[in-house]
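Residue 135 in this note's numbering sits at position 147 of the sequence shown, and the numbers go up by one each step. By construction, the Cβ of each residue, glycine as well, lies at the ideal position given by its N, Cα and C atoms.
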Amino acid sequence: MDPYYLATTFHSGHFSATFWAAITYGSHTPLIVICKRTPEECTSDQDHLRINTAQYAYEILKAYLVPFVHILPGVLEDHETIEDGLSIHTSVLARKCRREYGLVRSDWPLSSPDLNPIENVWHMLKVRLRKGIASPEKQSRNVNELVEAAQD
């Protein structure tokens, strides 16, 4: 085929990464990268390969939140986790995991992200990343560079 007659395909170069973290007065977890699952890991027709219930329960709650809560002085006696109503937060598996490890989940008002303290942290992170990519030489060229910039 003659390249003259072929239309070029536009690729935006847009990519994203999903993160999780927990904060409390005077402390926080590391910034955790949530890896996008592969098509082979698809669990249903509605699965968009984002984080699923099992990942959240085992790779987030059990692996990061439980150890974080256990190192905080006095927290086990009086703590609550704040999560929005995302289905992975309210799933049977997440509830079972929280119950097994003594994590108390606070009911959160629907459509009220402005009341959740970590939303301010996410906003500050996004602002910092946008400022960091203001010049072309500082722009992240792939997800790994974006993750590295976020974790700095």
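Inter-residue Cα distance where the pair is residue i and residue j
| i | j | result |
| --- | --- | --- |
| serine 4 | valine 131 | 6 Å |
| proline 105 | valine 21 | 20 Å |
| tyrosine 46 | glycine 90 | 15 Å |
| lysine 50 | threonine 12 | 18 Å |
| alanine 42 | arginine 25 | 12 Å |
| serine 128 | aspartate 140 | 13 Å |
| proline 97 | valine 109 | 19 Å |
| lysine 84 | serine 75 | 14 Å |
| lysine 114 | valine 135 | 12 Å |
Cβ neighbours of residue i in the same chain (closer than 7 Å, five flanking residues each side left out)
| i | result |
| --- | --- |
| threonine 17 | Ala9, Ala10, Tyr52, Phe56 |
Neighbourhood of residue i by C-beta distance below 8 Å, restricted to the same chain and skipping five residues each side
| i | result |
| --- | --- |
| threonine 145 | Nothing about residue 145 can be reported from this structure: the residues present for the chain run from -11 to 140 only. |
| proline 101 | Asp72, Glu107 |
| leucine 103 | Trp96, Pro97 |
| threonine 6 | Val21, Ile22, Lys24, Arg38, Ile39 |
Distance between beta carbons of residue j and residue i, contact taken as under 8 Å
| i | j | result |
| --- | --- | --- |
| serine 94 | threonine 78 | Not confirmed; about 12 Å, so no contact. |
| alanine 138 | leucine 19 | 6 Å |
| valine 92 | histidine 67 | 6 Å |
Contacts around residue i, its chain only, beta-carbon distance under 6 Å, and the 5 residues preceding and following it disregarded
| i | result |
| --- | --- |
| isoleucine 48 | Trp8 |
Identity of the residues DSSP links to residue i by a beta bridge
| i | result |
| --- | --- |
| isoleucine 20 | Trp8 |
- [ ] Within the segment 62 to 117, note down every full beta strand (DSSP E) run reaching 3 residues or more, in order along the chain.
- [x] Runs of the beta strand (DSSP E) lying entirely within the segment 62 to 117 and spanning at least 3 residues: none are present.
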